[in-house]
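Under this note's numbering, the residues of the sequence shown are numbered 18 to 370, in order.
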Amino acid sequence: PGEGGQLGYSLNQVVYRGFDNSDEASPGSPLANQNNAFELPAQNDPFRIGVLVYVNEKKILESNKATLKLQVAERVGTCDTGFEGELYRNVTSNPDTPSSIATPIRFYDDAPGDKTIITRNGDLTYGSYPMVYQIYSESNNFSNPFDVPINHVALWNFSLVNDSASEDNAYCFRLTYADQYDIRLDKYRTIVETYGSNTQPSVLEGEGVIEEAADSDEDPILALLRRIAATPTETIRENGLASLSIYVKNVAYGILTLQKEDRLTLHKPLALSALKQVLKSLIQEAIELIILRIKELQLISSEPMQLDLVENDLREDNLANISESFGDSIPEMSGIIDKMKSLHWIFKAFLSD
Numbered sequence: 018p019g020e021g022g023q024l025g026y027s028l029n030q031v032v033y034r035g036f037d038n039s040d041e042a043s044p045g046s047p048l049a050n051q052n053n054a055f056e057l058p059a060q061n062d063p064f065r066i067g068v069l070v071y072v073n074e075k076k077i078l079e080s081n082k083a084t085l086k087l088q089v090a091e092r093v094g095t096c097d098t099g100f101e102g103e104l105y106r107n108v109t110s111n112p113d114t115p116s117s118i119a120t121p122i123r124f125y126d127d128a129p130g131d132k133t134i135i136t137r138n139g140d141l142t143y144g145s146y147p148m149v150y151q152i153y154s155e156s157n158n159f160s161n162p163f164d165v166p167i168n169h170v171a172l173w174n175f176s177l178v179n180d181s182a183s184e185d186n187a188y189c190f191r192l193t194y195a196d197q198y199d200i201r202l203d204k205y206r207t208i209v210e211t212y213g214s215n216t217q218p219s220v221l222e223g224e225g226v227i228e229e230a231a232d233s234d235e236d237p238i239l240a241l242l243r244r245i246a247a248t249p250t251e252t253i254r255e256n257g258l259a260s261l262s263i264y265v266k267n268v269a270y271g272i273l274t275l276q277k278e279d280r281l282t283l284h285k286p287l288a289l290s291a292l293k294q295v296l297k298s299l300i301q302e303a304i305e306l307i308i309l310r311i312k313e314l315q316l317i318s319s320e321p322m323q324l325d326l327v328e329n330d331l332r333e334d335n336l337a338n339i340s341e342s343f344g345d346s347i348p349e350m351s352g353i354i355d356k357m358k359s360l361h362w363i364f365k366a367f368l369s370d
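Rendered as structure tokens:
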């Protein structure tokens, strides 16, 4: 069967958000920020999930051309876009389905009719990309009743209930094409994640938007890290998580949330790579400032200065030498050294084995 890219259009699951239940097609109050894991309600309590799917520059998604379904899996490690370790199954629609094949989270039959048209977006956005409301769904499968032009996002809302999910488990949700082969969407920028009261969110969270590139197969997270242009700032939360906000060129922002637990080591190389790139950029910035200042000093000094020694001090982390030598003459140096110390603190506190 031909789906997605084989038909010319390309779909990318980019944004999600959990909501309280409501008696309307539009959801209730948000349970967390968009693209952030949210705590699963207690058993027998209904809730909503909103999902945005981006249609890239290849081709318009004509009405009823994409038939999709919602799948769920118990989380293994993280809700990653490579689906490592998870076994996804179609979300169960019938509450009377035998428990041996039923999913612990199933669709919920609520007041609005199944496949009702959405009239309000429930506070989901994807940068400045225009949104096309689709439908509220209480069952698999579902389609797109409205055309979605290129560089637009389509919104679906799902009515779900915690049927038998344990407080000790976390769950991941994804959209796929609805056929017997479980063909995935063309891309996944984010995976819907819920967690129980005895579990924690996954290591990666995100609120940022990365501008889409046509016909690009590059992993979006790697693309974000590749485009790092400034320094991170860390914020320590009461629950022991540290948010590392990385500001990048032409991008709103991206967030890596690092948690010091063995089960979250999957993304250590990714975070280390990001920090190393930032540190390298800082070192280069410091060297350029120092060299500029040295050249100015050499104009009024008869004694030449050893630039190679200065570079060695920077690269070998002899920050005290740099501060003592240039802290007063180069105002920018104090801020640079503080940033470098913060980076080293993050390395030691959150990324060391």
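Note that beta-carbon positions come from the ideal geometry of N, C-alpha and C, so glycine has one too.
Cβ neighbour criterion (16 or more within 10 Å) applied to residue i
i	result
Thr136	exposed
Gln151	buried
Ala128	exposed
Pro218	buried
Tyr188	buried
Ala59	exposed
Asn53	buried
Asp97	buried
Ser214	exposed
Ser43	buried
Ser27	buried
Tyr125	buried
Asn61	exposed
Tyr205	buried
Glu228	Low confidence applies to Glu228: its pLDDT is 40, below 50, so where it sits in the model is not reliable, and the reading given next is rough at best. Counting Cβ neighbours within 10 Å, Glu228 comes out exposed, since fewer than 16 surround it.
CB of residue i within 8 Å of CB of residue j, strictly
i	j	result
Asn186	Thr216	yes
Tyr212	Leu57	yes
Gly67	Asn174	yes
Phe159	Gln88	no
Leu78	Ala195	no
Pro47	Phe64	no
Leu202	Gln51	no
Arg123	Thr133	no
Leu172	Met148	yes
Val170	Tyr33	no
Lys76	Ile167	yes
Asp180	Ala90	no
Tyr153	Tyr71	no
Ser80	Asn161	yes
Val93	Gly99	no
Leu69	Leu141	yes
Ala182	Pro121	yes
Three-state class that DSSP yields for residue i in the structure shown
i	result
Val31	strand
Asn179	strand
Asn215	coil
Asn161	coil
Tyr26	coil
Gly225	Low per-residue confidence applies at Gly225: pLDDT is 40, beneath 50, and the placement is therefore not dependable, though the value from the model is reported in the following sentence. Gly225 falls in the coil class under three-state DSSP.
Asp232	Since pLDDT at Asp232 reaches only 38, below the 50 mark, its modelled position is unreliable, and no value is offered.
Beta-ladder partner(s) of residue i, from DSSP
i	result
Val170	Tyr71, Met148
Ile134	Ile152
Thr193	Lys86, Arg201
Arg123	Thr109, Val178
Val209	Phe190
Leu104	Beta-bridge pairing links Leu104 to no other residue.
Glu91	Tyr188
Leu141	Paired residues: none, contrary to the question.
Residue i CB to nearest heavy atom of the ligand ADP below 7 Å
i	result
Ile200	The ligand ADP is absent from the structure shown, which contains no ligand whatsoever.
Legend entry - Completely contained beta strand (DSSP E) runs for the stretch 36-74, where each covers 3 or more residues: Assignment of beta strand (DSSP E) within the stretch 36-74, counting only whole runs of 3 or more residues, yields 63-72 in chain order.
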